[in-house]
């Protein structure tokens, strides 16, 4: 097994560049950190793992799993390399270079809904929404241009490995993507912070074939998207809060729609 | 109107100390920042406002409201004072010293539920839970010893002014507080990440008189609390996520229970 001891190693320098969006997009890869998420990758999507970088103490755990699957090679690293690569306060010394996902067409037989983020900005919100969409049994989460990059390290940390359970896409033209989904038989559900929209309690999707769109934290959904929705939903407010956090609204809606 | 120009002013130094938990507890006060939250305080709980600190450009807005209510005095400050007091990247130059709330007994006629945080640690989670509890029409949120301080500035930022719409309490002995609530006729609802607990879909509270307890991010509810609950609920997971973020689980449960 290859071992890299120095943080100044050329390969480590190249991998560290994946902390920048520009290089992630050039490479089509991102850097994943932490045993929990990497275990999810090994168990669910080993083909996406291009490289594993592991300190000695985690090596037995990692190789026991990695040897059974089609993951890329493992390199042993030192604590000094971990310090260079890590973006967390208490790093575990386990990293992976992950290939960003390709569009995967889901089966039309048992359609599952999609969650769509229209320019959501906050990394914690976006990552949490992926985790919640996973729990709610969604097919995937679509990120738009102009919002946070799904492979930003803070987003990825909040996903907690859920990106290996569902599809995560980034699409250049959200309206086009949504209209194509409608042609494929999906209902388009928007969300508005407006009591004149449809109370979520009064709506039931026709099937699991729907796309639920949540908008930007400050500005909500773009009006040109709201205009093409089949329905725009709102979450009722019983108290005096003006609105809900976007990740919270998404969770309440996803569960409400799935349980209806 | 008094004007303070220097960040080295003795009163400003004392106010800045409220950024530390020790001084907040000594004084029974906390420092609030930003026009949106301060407007909520002026509109809903002016008697809690001990002092307003405002830069010139916000003065007309603030005094127009403050003159109509029983808020404490207003002091004009400079941008240099704002820089010293602010904990945000783009400060608005509007601050208030707020008295922490006293226990308020709510009417027993139309009972509203309580949200209870058993050692929740993350400030964003805790603040968001207060905001969501407000939206869901809860009476208040109870913070326990051993969890994040409710008046930590990050918690307060995430509350977005909801602390002026409901009660926020910190209690030294959570179990005692809960048992006293039960004596007063409240149902005690715990939460567990365990499919052997009661599926939230199978449970309906007898009335609005209940306390819903959410646990620590890593360890969940303390077993000694779970043992005294009337029922322990879990949020069903349809996908492959191991669990939900605690603020997300709280939101799904609060809305599910309120809509049931």
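Residue numbers (the numbering used here), protein chains in the order written: chain V, 28 to 287; chain P, 28 to 287. Every residue gets a Cβ at the ideal spot worked out from N, C-alpha and C, and that includes glycine. Given the structure is predicted, the values throughout are model-derived calculations rather than measurements.
Determine whether the Cβ of residue 247 (chain P) lies closer than 7 Å to any Cβ atom of chain V.
It does not: the Cβ of residue 247 (chain P) has no partner Cβ on chain V nearer than 7 Å.
Give me the residue from P:125, P:104, P:209, P:71 with the minimum Cα distance to residue 84 (chain P).
Minimum Cα distance to residue 84 (chain P) is reached at P:104.
What residues from the stretch 156 to 173 of chain P come within 8 Å of chain V, judged by C-beta to C-beta, listed N to C?
Taking 8 Å as the Cβ-Cβ cut-off against chain V, the residues of the stretch 156 to 173 of chain P that qualify are 158, 159, 160, 161, 162, 163, 164, 165.
Jot down the residue ranges of each uninterrupted beta strand (DSSP E) in the stretch 227 to 261 of chain P, minimum 3 residues, whole runs only, in chain order.
You should have 237 to 241, 258 to 261.
Residue 204 (chain V): which of V:170, V:189, V:223 sits nearest, CA to CA?
Selected option, being the one with the closest Cα: V:170.
Just how far apart, CA to CA, sit residue 1 (chain V) and residue 51 (chain V)?
The question about residue 1 (chain V) has no answer, for chain V in this structure spans 28 to 287.
Starting from the C-beta of residue 235 (chain V), find all residues in its chain whose C-beta is less than 6 Å away, skip the five residues before and the five after it, and write them out in chain order.
Within the same chain, residue 235 (chain V) has close Cβ partners 138, 139, 140.
Helix, strand or coil, according to DSSP, for residue 110 (chain P) in the structure here?
Reduced to three states, the DSSP call for residue 110 (chain P) is helix.
Could you tell me which uninterrupted alpha helix (DSSP H) segments, each at least 4 residues in length, are contained entirely in the stretch 71 to 126 of chain P, listed from first to last along the chain?
Listed in chain order, the complete alpha helix (DSSP H) runs (minimum 4 residues) inside the stretch 71 to 126 of chain P are 86 to 93, 106 to 112.
Give me the chain V residues within the contact set of residue 184 (chain P), using Cβ-Cβ distance strictly less than 8 Å, ordered along the chain.
Correct list: empty, because the minimum Cβ distance to chain V is about 12 Å.
Label residue 89 (chain V) either buried or exposed according to how many other C-beta atoms from any shown protein chain fall within 10 Å of its C-beta, with 16 as the threshold for buried.
It is buried - the Cβ of residue 89 (chain V) has at least 16 other Cβ atoms within 10 Å.
Quick check: residue 232 (chain P) and residue 284 (chain P), are their CB atoms within less than 7 Å of each other?
Yes. Within cutoff.
Which stretch, first to last residue, makes up the alpha helix (DSSP H) that contains residue 185 (chain V)?
From DSSP, the alpha helix (DSSP H) with residue 185 (chain V) extends over 180 to 186.
Can you name the residues of chain V whose CB is closer than 8 Å to the CB of residue 33 (chain P)?
Neighbours of residue 33 (chain P) on chain V: none; closest Cβ ~34 Å, over 8 Å.
Taking all protein chains shown into account, do 16 or more other C-beta atoms lie within 10 angstroms of the C-beta of residue 200 (chain P), making it buried, or fewer, making it exposed?
That one is exposed.
My output table needs one value for residue 282 (chain V): the three-state DSSP class, helix, strand or coil.
Here residue 282 (chain V) sits in helix by DSSP.
Quick one: what does DSSP say residue 157 (chain P) is sitting in, helix, strand or coil?
DSSP places residue 157 (chain P) in helix when its eight states are reduced to three.
Provide the residue span of the alpha helix (DSSP H) that contains residue 201 (chain V), from first to last.
201 to 210 is the extent of the alpha helix (DSSP H) around residue 201 (chain V).
Figure out for me which residue from V:49, V:184, V:74 has the closest Cα to the Cα of residue 116 (chain V).
Of the listed residues, the one whose Cα sits closest to residue 116 (chain V) is V:184.
What does the Cβ neighbour count give for residue 192 (chain P), buried or exposed, with the cut at 16 atoms within 10 Å?
When all chains shown are included, residue 192 (chain P) counts as buried.
Closer than 7 Å, CB to CB, is residue 237 (chain P) near chain V or not?
By this cut-off, residue 237 (chain P) is not an interface position.
Under 7 Å Cβ to Cβ from residue 213 (chain P), same chain only, skipping five residues before and after it: list those, please.
Around residue 213 (chain P): 236, 237, 238.
Using beta-carbon positions only, say whether residue 272 (chain P) and residue 155 (chain V) come within less than 7 Å of one another.
Yes, the pair counts as a contact, with Cβ atoms nearer than the cut-off.
Strictly under 7 Å for the Cβ-Cβ distance: is residue 272 (chain P) near chain V by that measure?
Chain V, which has a Cβ nearer than 7 Å to the Cβ of residue 272 (chain P), makes this yes.
Use the C-beta contact count for residue 226 (chain V): other C-beta atoms within 10 angstroms, 16 or more gives buried, fewer gives exposed.
Residue 226 (chain V) should be labelled exposed.
Cα separation between residue 166 (chain P) and residue 257 (chain V)?
Computed Cα separation, rounded: 36 Å.
Give the straight-line distance between the Cα atoms of residue 158 (chain V) and residue 29 (chain P), rounded to the nearest whole angstrom.
Computed Cα separation, rounded: 51 Å.
Could you tell me whether any Cβ in chain P is nearer than 7 Å to the Cβ of residue 50 (chain V)?
It does not; no Cβ of chain P falls within 7 Å.
Could you name the residues that DSSP lists as bridge partners for residue 217 (chain P)?
P:259, per the DSSP bridge assignment.
Check whether the stretch 245 to 261 of chain V and the stretch 253 to 269 of chain P touch, using three or more Cβ-Cβ pairs below 8 Å as the test.
No contact exists between the stretch 245 to 261 of chain V and the stretch 253 to 269 of chain P.
Does residue 229 (chain V) get closer than 7 Å to chain P when you measure Cβ to Cβ?
Taking Cβ atoms only, chain P never reaches closer than 7 Å to residue 229 (chain V), which makes this a no.
Going along chain P, which residues have a C-beta under 7 Å from residue 242 (chain V)?
Going along chain P, no residue has its Cβ under 7 Å from residue 242 (chain V), so there is no contact; the nearest lies around 17 Å.
Take residue 151 (chain V) and list the residues in its own chain whose beta-carbon comes closer than 7 Å to its own, dropping the five residues that flank it on each side.
For residue 151 (chain V), where only same-chain residues beyond five positions count, the Cβ hits under 7 Å are 181, 185.
So with Cβ pairs under 7 Å, would you call residue 192 (chain P) a contact of chain V?
True, the Cβ-Cβ gap to chain V drops below 7 Å.
My output table needs one value for residue 37 (chain P): the three-state DSSP class, helix, strand or coil.
Residue 37 (chain P): helix per DSSP, three-state reduction.
Would you report the Cα separation of residue 48 (chain V) and residue 178 (chain V), rounded to the nearest angstrom?
Rounded to the nearest angstrom, the two C-alpha atoms are 8 Å apart.
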